[in-house]
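Trainee:
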Amino acid sequence: MPGLNLPFAPDTRRVRRDGLPPVREFRAEICVVGAGIAGTSAAIEAARLGRKTVVVDGLPALGGQAVNGIIGMFCGLFGNGTHGPQFTHGIADDILRDLGAEDALHYRRAHTTVVMYDDVALARWVERTIVKEGVIPLVGAILRNVNLDGRRIASLDFATRYGDVRIVADGFIDASGDAALTWQAGLACQEQADGVIYGSQMMVIEGVDEAQAPTWDEMGLRIRERGEHYGLIRRDGFAAAFPGRGIAVVNMNHVETPLDPFGATAKGLEGREQADRTMQFLKGEFPAAYGNTRVRALGLPGVRQTRWIVGKHHLTADEVRAGTKFPDSIARTAWPLEQHHNAEGYVWEPFSEDHVHYVPFASLTPVDADNIVAAGRCIDADSAALSSVRVMGPCIAMGAAAAHALDLAGTGSVHDIDMAALRRRVAANVDG
Ligand SMILES: Cc1cc2nc3c(=O)[nH]c(=O)nc-3n(C[C@H](O)[C@H](O)[C@H](O)COP(=O)(O)OP(=O)(O)OC[C@H]3O[C@@H](n4cnc5c(N)ncnc54)[C@H](O)[C@@H]3O)c2cc1C
248 MPGLNLPFAP DTRRVRRDGL PPVREFRAEI CVVGAGIAGT SAAIEAARLG RKTVVVDGLP
308 ALGGQAVNGI IGMFCGLFGN GTHGPQFTHG IADDILRDLG AEDALHYRRA HTTVVMYDDV
368 ALARWVERTI VKEGVIPLVG AILRNVNLDG RRIASLDFAT RYGDVRIVAD GFIDASGDAA
428 LTWQAGLACQ EQADGVIYGS QMMVIEGVDE AQAPTWDEMG LRIRERGEHY GLIRRDGFAA
488 AFPGRGIAVV NMNHVETPLD PFGATAKGLE GREQADRTMQ FLKGEFPAAY GNTRVRALGL
548 PGVRQTRWIV GKHHLTADEV RAGTKFPDSI ARTAWPLEQH HNAEGYVWEP FSEDHVHYVP
608 FASLTPVDAD NIVAAGRCID ADSAALSSVR VMGPCIAMGA AAAHALDLAG TGSVHDIDMA
668 ALRRRVAANV DG
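248 is the number of the first residue of the sequence shown in my numbering; add one for each residue after it.
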């Protein structure tokens, strides 16, 4: 076959590492660590405020668990009831508009409205929007060191496969999910003192015959009766079908997610085994609906809770149950307490139709630092309260609030910002 008439390949050159590897230094105004849904919201909001913003993630892709863990549905975005009001706006509005226009969403309306999404469409939305808004992304970069100057973080050091990077900024957002930034800075954090908070190995399956699919109640009953036979640890869960596509998001196992690196790796592999057993269960127990299914995608290990910050306010389950509205509220939701501290199942504590609970800004701020704000699943709360406010709706609102707080602080302290000004800026996510 005749080839194209292209010029010769360019010459090669010999290279050798010479002395210490150079550190690439980058200057931004706001640096967001973690590109999950909270960090994505924070970075886009900061860029829209005109701030030079960099978002860094240890994974080689953007989107955190929302994309790479294939969580599959936005929860806590709407109030309770079949047509509760939308509680969070900002990038939530953009995602609902843009993915809705691509037919990449499905609204499930029951005790509340949850919004299923196509994980590939969300991944591309995050990537496109980060670029369009002028956020500078850095992926595959693991936080190694925090350089402090008194109560301020001066810069962060990251290791990447192509060499080390230092980011200097005025303000930093810890959206790492594991409080990685706060922890590396030597600031107080908290972990579960006893017991385990389980994660899950999520997956998307294809080839589902939706017309034959059992209800979630029927599924739960069968797992309780027959799960042991298939070696399933968790005795509840669901396969949520995306209507008209023959696919479903499956959330049906419990996997430990320890902070020990070797332990986390081993447990992640156990999660894959649980996914295999889940497939055997679905095919064996519901052959009409799932007999011809295949796994289309396995998510990265889904981590609910590991380590989180100690902030100025420790949000409690009692405040959540009471619907306490704080003077510095920056996010709201009505999502139930959803605690995954039992291997066999989760504890579900739903609220009435008119219930709303709030996240105060003080739960996002480590006490002993001036230019760091947390957002997402690593803010200060007790385990029960966190089990509700870590769903993606309030994570989006927390990310936006963190960006506004650092914008208001400038080169000053987030502890001294005009709280009324912050409340005005995030009013759409708190009031009305
Ligand atoms: C199995 C499971 C099912 C869930 N189901 C739902 C659901 O149906 N609906 C819902 O709304 N919520 C659900 N949740 C909760 C919700 O998905 C998460 O709490 C939320 O996505 C957390 O977002 P985040 O941005 O705080 O953190 P993450 O999405 O975890 O993002 C944190 C990012 O920080 C990066 N990072 C961490 N450490 C470092 C480091 N040292 N250096 C560089 N980068 C780092 C990580 O790579 C990651 O990308 C579920 C959670 C799990 C685990």
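We put the beta carbon where it would ideally sit given N, CA and C, even for glycine.
Small disclaimer: the values here were computed from a predicted structure and weren't measured.
1. What residues match up with residue 607 in a beta bridge as DSSP calls it?
2. Confirm, please, whether the CB-CB distance from residue 625 to residue 419 is below 9 Å.
3. Might you give, ordered along the chain, the residues of its own chain that have their beta carbon closer than 8 Å to the beta carbon of residue 479, omitting 5 neighbours on each side?
4. Contact defined as beta carbons within less than 8 Å: I believe residue 337 pairs with residue 647. What is the distance between those atoms, to the nearest angstrom?
5. Run through DSSP, which three-state label would residue 588 get?
6. Please confirm whether any heavy atom of ligand 1 lies closer than 8 Å to the CB of residue 196.
7. Confirm the yes/no value for this check: CB of residue 439, any heavy atom of ligand 1, distance under 8 Å.
8. Evaluate the contact criterion for the region 596 to 612 versus the region 386 to 400: three or more CB pairs, one atom per stretch, below 8 Å.
9. Say the cut is 8 Å; is the CB of residue 423 nearer than that to a heavy atom of ligand 1?
10. May I have a chain-ordered list of the alpha helix (DSSP H) segments no shorter than 4 residues that lie completely inside the region 453 to 524?
11. Per DSSP, residue 406 is paired with what?
12. For residue 680, which residues in the same chain have their Cβ closer than 7 Å to its Cβ, ignoring the five residues on either side in sequence?
13. What's the C-alpha gap between residue 450 and residue 541?
14. Counting along the chain, where does the alpha helix (DSSP H) carrying residue 426 start and finish?
15. First and last residue of the beta strand (DSSP E) that includes residue 437?
16. Does the structure place the region 501 to 519 close enough to the region 436 to 454 that three or more beta carbon pairs sit under 8 Å?
17. Return the first residue and the last residue of the beta strand (DSSP E) that residue 351 is part of.
18. Assuming residue 319 and residue 366 make a contact with CB atoms under 8 Å, what is their CB distance in whole Å?
19. Just to check, is the beta-carbon of residue 618 closer than 8 Å to a non-hydrogen atom of ligand 1?
20. Where are the alpha helix (DSSP H) runs, 4 residues long or more, that stay fully inside the region 313 to 355, in chain order?
21. Can you name, in chain order, every residue of its own chain whose Cβ lies under 6 Å from the Cβ of residue 299, other than the five neighbours on each side?
22. Please determine whether the Cβ atom of residue 312 lies at a distance below 8 Å from any heavy atom of ligand 1.
23. Helix, strand or coil for residue 566? Go by DSSP, reduced to three states.
24. DSSP three-state call for residue 593: helix, strand or coil?
25. Specify the secondary structure class of residue 618 as computed by DSSP and reduced to three states.
26. Consider the C-beta atom of residue 683 and the heavy atoms of ligand 1; say whether any pair is separated by less than 8 Å.
Mentor: Taking the structure as given:
1. By 1-based counting over the sequence shown, the position of residue 607 is 360. Answer by DSSP bridge pairing, in chain order: 576.
2. On the sequence shown, position 172 is the one that residue 419 refers to. On the sequence shown, position 378 is the one that residue 625 refers to. 9 Å or more divides the Cβ of residue 419 from the Cβ of residue 625.
3. As a working note, residue 479 is residue 232 in the sequence shown. Non-local C-beta neighbours of residue 479 in its own chain, meaning closer than 8 Å and more than five positions away in sequence, comprise 470, 499, 500, 521, 524, 525 and 528, ordered along the chain.
4. Residue 337 sits at position 90 when you count from the first residue of the sequence shown. Residue 647 sits at position 400 when you count from the first residue of the sequence shown. In this structure residue 337 touches residue 647 by the C-beta definition: roughly 5 Å separates them, less than 8 Å.
5. The residue given as residue 588 occupies position 341 in the sequence shown. DSSP places residue 588 in coil when its eight states are reduced to three.
6. Within the shown structure, residues of the chain are numbered from 248 to 679, placing residue 196 beyond reach of any answer.
7. For the purposes of this step, residue 439 is taken as the residue at position 192 of the sequence shown. No, the beta carbon of residue 439 sits no closer than 8 Å to any heavy atom of ligand 1.
8. No: the two stretches stay apart, fewer than three of their Cβ pairs being nearer than 8 Å.
9. Here residue 423 is taken as the residue at index 176 of the sequence shown, counted from 1. Answer for residue 423: yes, Cβ within range of ligand 1.
10. With a minimum length of 4 residues, the continuous alpha helix (DSSP H) runs that stay inside the region 453 to 524 are 463 to 473.
11. In the sequence shown, the residue the question calls residue 406 occupies position 159. DSSP output for residue 406 lists 389 and 411 as bridge partner(s).
12. A query on residue 680 cannot be resolved here, the shown segment of the chain reaching from 248 to 679 and no further.
13. Within the sequence shown, residue 450 is the residue found at index 203, counting from 1. Within the sequence shown, residue 541 is the residue found at index 294, counting from 1. Rounded to the nearest whole angstrom, the CA to CA distance from residue 450 to residue 541 is 10 Å.
14. Position 179 of the sequence shown, counted from the start, is the residue given in the question as residue 426. Residue 426 -> no alpha helix (DSSP H), and no H or E assigned at all.
15. As a first step, residue 437 must be located in the sequence shown, where it is residue number 190. Per DSSP, residue 437 belongs to the beta strand (DSSP E) from 436 to 438.
16. A contact is defined here as three or more CB-CB pairs under 8 Å, and the region 436 to 454 meets this definition with respect to the region 501 to 519.
17. Within the sequence shown, the letter at position 104 stands for residue 351. No beta strand (DSSP E) holds residue 351; DSSP gives it neither H nor E.
18. Residue numbering aside, residue 319 sits at position 72 when the sequence shown is read from its first letter. Residue numbering aside, residue 366 sits at position 119 when the sequence shown is read from its first letter. So it is a contact: roughly 7 Å between Cβ atoms.
19. Within the sequence shown, the letter at position 371 stands for residue 618. Not under cutoff, so the answer is no.
20. Taking only runs of at least 4 residues, the alpha helix (DSSP H) segments lying wholly in the region 313 to 355 are 338 to 348.
21. For the purposes of this step, residue 299 is taken as the residue at position 52 of the sequence shown. Once the five neighbours on either side are set aside, the close Cβ partners of residue 299 are 275 and 276.
22. Translated into positions along the sequence shown, residue 312 becomes position 65. Checking every heavy atom of ligand 1 against the Cβ of residue 312, one is found closer than 8 Å.
23. Here residue 566 refers to the residue found at position 319 when the sequence shown is read from its first residue. Helix at residue 566.
24. Here the question's residue 593 lines up with position 346 in the sequence shown. Reduced to three states, the DSSP call for residue 593 is coil.
25. Taking the first residue of the sequence shown as position 1, residue 618 is located at position 371. The answer is coil: DSSP assigns residue 618 none of H, G, I, E or B.
26. The requested residue 683 does not occur in the structure, where the chain is confined to residues 248 to 679.
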